[in-house]
Amino acid sequence: MSSTNRKEPLLYMEEHRVKEDPQDYGLADDVFNMEVFKKKLQVAIIRNDEDGLEFDMIGVYPAIANAFRRLMLSEVPSMAIEKVYIYNNTSIIQDEVLAHRMGLLPLKADPRLFAYRTEESGDAGTEQDTLEYELKVKCTRRKDASKDQSNFDDIYKNHKVYSGHLKWLPKGKQAQIYSESMVNCINEDILIAQLRPGHELDLRLVAVKGLGKDHAKFSPVATAYYRLLPQIKLNREVSGKDAYLLQSCFSPGVIGIDENECAYVKDARYDSCSRNVYRYPQLEDSVTLGRVRDHYIFTVESVGSLKPDVIFLEAVKVLKKKCRAFIDEIEAE
4 MSSTNRKEPL LYMEEHRVKE DPQDYGLADD VFNMEVFKKK LQVAIIRNDE DGLEFDMIGV
64 YPAIANAFRR LMLSEVPSMA IEKVYIYNNT SIIQDEVLAH RMGLLPLKAD PRLFAYRTEE
124 SGDAGTEQDT LEYELKVKCT RRKDASKDQS NFDDIYKNHK VYSGHLKWLP KGKQAQIYSE
184 SMVNCINEDI LIAQLRPGHE LDLRLVAVKG LGKDHAKFSP VATAYYRLLP QIKLNREVSG
244 KDAYLLQSCF SPGVIGIDEN ECAYVKDARY DSCSRNVYRY PQLEDSVTLG RVRDHYIFTV
304 ESVGSLKPDV IFLEAVKVLK KKCRAFIDEI EAE
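Be aware that the sequence shown starts at 4, since it is given in the numbering used here, and climbs by one per residue.
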């Protein structure tokens, strides 16, 4: 989505370089003004569902767009397994590798309902800042399995350890506040280890609230990134075989072909800006490729504990708190 009420600052993508618009002086001479910033700022939600959020942030500086990306990755908290007490591990997976795998299991627990762990919490933690789980799995051979069977599911019992094997151990009054479905793993079919008869796992797991800047396991997003809005302009009519060739130079759905077999720009938004069109001499002057310099397309995919739109709103709160703290520090001086 691009606004028709403003002059879009463009970057032109030529075959071997990126060229600025001659009428656009970039950010070099821009003086920040809050009133102008508020007038330019636009946010448009394109897609919002359980797994992903796509929205446009228009009229902002690159530093502001990147600040939101970094905040969502590193400073919005989530719950993750921090300590793994291994009482028995006779599998082929080393203790430290097993502990690392447990730490990366995504938990449903809403971090907003928990406090950060402090020194006063002690090693055991409290019901306000700690979740505990246990994992007890032992692999055995099925008594009814015949010698000619080749399917491991028919031969062994518990030969695959999944995240669904974790059992929540409520602390204090947690059982009255949360249900097991609220704090267990987001997916129950995450494979942790494979066992054989005689192999056994006996673990106690402690989950706490943390930030992605301390460890990636606390990051609430699977990915959060942005890109500039592509702009494609046809300089002349392209028809026939050249129209289909032009269509193949761009991502699917970007260039359309009408009933007269003439090419037109159908939707430039999802173009990958590969510049394949410059490979063909008969087409290289037919289009002008560009990107809008202050129009950012954000894509946020949640791990699952928080919805993507909630993650962005939490990032806004974190930025607001940082700005307030910075202003207070300046005023104090």
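For every residue, glycine included, the Cβ atom is placed at its ideal position computed from N, Cα and C.
Taking all protein chains shown into account, do 16 or more other C-beta atoms lie within 10 angstroms of the C-beta of residue i, making it buried, or fewer, making it exposed?
| i | result |
| --- | --- |
| F71 | buried |
| D270 | exposed |
| E11 | buried |
| N187 | buried |
| F315 | buried |
| I95 | exposed |
| V326 | The question names Val, yet the displayed sequence has Cys at residue 326. So C326 counts as exposed. |
| F221 | buried |
| H162 | buried |
Since residue i and residue j are thought to touch, with beta carbons under 8 angstroms apart, how far apart are those beta carbons, to the nearest angstrom?
| i | j | result |
| --- | --- | --- |
| P223 | V319 | Wrong, their Cβ atoms sit about 14 angstroms apart, outside the cutoff. |
| L44 | V63 | 6 angstroms |
| M82 | K212 | 6 angstroms |
| Y229 | A47 | Contact doesn't hold; Cβ gap of about 13 angstroms is too wide. |
| R145 | D132 | 42 angstroms between Cβ atoms; not a contact. |
| A246 | E264 | 6 angstroms |
| E85 | A210 | 6 angstroms |
| L206 | V87 | 6 angstroms |
Grouping DSSP H, G and I as helix and E and B as strand, with all else coil, what is residue i?
| i | result |
| --- | --- |
| G213 | strand |
| T7 | Because T7 sits at a pLDDT of 47, beneath the cut-off of 50, its placement in the model cannot be relied upon, and the following sentence gives the value as read from the coordinates. Reduced to three states, the DSSP call for T7 is coil. |
| A148 | coil |
| C142 | coil |
| L110 | strand |
| A178 | helix |
| V199 | First, the amino acid is wrong: residue 199 is Arg here, not Val. Residue state, collapsed to three classes: coil. |
| I300 | strand |
| S94 | coil |
| I189 | coil |
| E123 | helix |
| L322 | helix |
| E137 | strand |
| S184 | helix |
| K310 | coil |
| L101 | helix |
Just checking: is the beta-carbon of residue i within a distance shorter than 8 angstroms of some beta-carbon in chain B?
| i | result |
| --- | --- |
| A328 | The chain labelled as chain B is not found in the depicted structure, where only one protein chain is given. |
The stretch 125-139 contacting the stretch 167-177, beta-carbon criterion three pairs below 8 angstroms: yes
Inside the stretch 18-81 only - alpha helix (DSSP H) runs reaching at least 4 residues: 37-43 and 65-77
Inter-stretch contact at 8 angstroms, needing at least 3 Cβ pairs: the stretch 229-242 / the stretch 258-273: yes
Contact between the stretch 306-323 and the stretch 104-112 (3+ Cβ pairs under 8 angstroms): Using a C-beta cut-off of 8 angstroms, the stretch 306-323 makes contact with the stretch 104-112, since at least three inter-stretch Cβ pairs fall below that distance.
Ranges of the alpha helix (DSSP H) found wholly within the stretch 227-295, counting only runs of at least 4: Counting only runs of 4 or more, we get 244-251.
Stretch-stretch touch, CB-based, cutoff 8 angstroms, three pairs: the stretch 46-56 with the stretch 309-316: yes
Stretch-stretch touch, CB-based, cutoff 8 angstroms, three pairs: the stretch 121-137 with the stretch 191-199: Put simply, the stretch 121-137 does not touch the stretch 191-199. Fewer than three CB pairs are less than 8 angstroms apart.
contact_flag[the stretch 142-160, the stretch 96-103] where n(CB pairs < 8 angstroms) is 3 or more: no
Cβ contact check for the stretch 246-253 and the stretch 278-297: 3 or more pairs under 8 angstroms: Yes, they touch.
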